[in-house]
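A.B. asks:
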Amino acid sequence: MGVNELDNLFDAADKPDDASTPRGANGRRRALITGITGQDGSYLCEYLLDKGYEVHGIKRRSSLFNTERIDHLYEDPQAPDRRLILHHGDMTDTASLVRVVQQARPDEVYNLAAQSHVQVSFEEPEYTANTDAVGTLRLLEAMRILGMEQSTRFYQASTSELYGLVQEIPQKETTPFYPRSPYAVAKLYAYWITVNYREAFGIHASNGILFNHE
Numbered sequence: 003m004g005v006n007e008l009d010n011l012f013d014a015a016d017k018p019d020d021a022s023t024p025r026g027a028n029g030r031r032r033a034l035i036t037g038i039t040g041q042d043g044s045y046l047c048e049y050l051l052d053k054g055y056e057v058h059g060i061k062r063r064s065s066l067f068n069t070e071r072i073d074h075l076y077e078d079p080q081a082p083d084r085r086l087i088l089h090h091g092d093m094t095d096t097a098s099l100v101r102v103v104q105q106a107r108p109d110e111v112y113n114l115a116a117q118s119h120v121q122v123s124f125e126e127p128e129y130t131a132n133t134d135a136v137g138t139l140r141l142l143e144a145m146r147i148l149g150m151e152q153s154t155r156f157y158q159a160s161t162s163e164l165y166g167l168v169q170e171i172p173q174k175e176t177t178p179f180y181p182r183s184p185y186a187v188a189k190l191y192a193y194w195i196t197v198n199y200r201e202a203f204g205i206h207a208s209n210g211i212l213f214n215h216e
C-alpha cells in the first residue's frame, strides 16, 4: 500500500461517525500499534505522528534493546504533552493486552505483531500459533471485554502466505487460500477470527493482505 492509498484510507476514517470521536489529549485521535518496533510498525508510527495522532505501542520486554527503528521518534516519558507512549506487553499474555488496551483506550488498533519467519514456524509451531493466531483473538477479546466494539477500529496485518500453493496468478481477494506453513495457518486463523468478530460483534475490523515489501 502506497502513501496515496494510505491517505485515502485515513481520509475515509476521518468522516464523522461514532468510531471517529477522538479520545486523546487535546482532541487527538489515539492509535495502538502492536509490533511497533518492527519495520512496518515503525513506519506506521511515524506516519500517524505526522498525521497528529497520539500513538501507543506495545513492545515485549525482550525488545528492550531492539528499538532502533523508533529511537528517532522517542519522547521523554515525563514530557507533559508527549504523543508516543510505549507499553510493555506480549501477544501471548491476555492480562497484559487487556491492561494496555484499557490504558490506551485507542480509536484505532493496528495488529502488526507476529512471529513472521516461515522456517521458524516449522521449528516452533506452537509459539507461532500462540502469537499469531491466538494473540489476535486475545486482542479482539480485549476490545470486546472493554466494551469497545462500536468505538474502536481494528486492522489485522495478513500475509500473502495465506495463498501458499497459489491457485491463480495474479492473486485477488477471491483467490482461495492454501496455506503451506504453520505461520500461514496461524495467520489464516487470525484472518478469519477478524472476519468473525466483525460479523458477530459489529467491530469495524479489516484485514490487509500484505505481499513482500521493503
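This note's numbering applies: residue 3 is where the sequence shown begins, and numbers increase by one. Heads up, the beta-carbon is just placed ideally off N, CA and C, and yes, glycines get one too.
On the criterion of 16 or more Cβ atoms from any shown chain inside 10 Å, does L164 qualify as buried, or is it exposed?
C.D. replies: Label assigned to L164: buried.
A.B. asks: Between C47, L142, T94, which lies nearest to R31 when the distance is taken from Cα to Cα?
C.D. replies: Checking every option, the nearest Cα to that of R31 belongs to C47.
A.B. asks: I believe A207 touches F156 by the beta-carbon criterion, under 8 Å. Please report the beta-carbon distance rounded to the nearest angstrom.
C.D. replies: About 4 Å; that satisfies the 8 Å criterion.
A.B. asks: To the nearest angstrom, how far is the alpha carbon of T161 from that of P184?
C.D. replies: Rounded to the nearest angstrom, the two C-alpha atoms are 13 Å apart.
A.B. asks: Looking only at C-alpha atoms, which of T96, A33, W194 sits nearest to K53?
C.D. replies: Answer by Cα proximity: A33.
A.B. asks: Contact defined as beta carbons within less than 8 Å: I believe T138 pairs with I211. What is the distance between those atoms, to the nearest angstrom?
C.D. replies: The pair is not a contact, with the Cβ atoms about 14 Å apart (cut-off 8 Å).
A.B. asks: Measure the CB-CB distance between Q111 and L86 and report whether it falls below 8 Å.
C.D. replies: Looking at the sequence shown, residue 111 is not Gln but Val. For V111 and L86, no; Cβs fall outside 8 Å.
A.B. asks: Suppose the cutoff is 8 Å on Cβ atoms and the five residues either side in sequence are ignored; what does the same chain contact list for R146 look like?
C.D. replies: The residues are Y199, F203, I205.
A.B. asks: Using the C-alpha atoms, what's the distance from A144 back to T96?
C.D. replies: Going from the Cα of T96 to the Cα of A144 covers about 8 Å.
A.B. asks: List the endpoints of the continuous alpha helix (DSSP H) containing S208.
C.D. replies: Note, S208: premise wrong, no alpha helix (DSSP H); beta strand (DSSP E) at 206 to 212.
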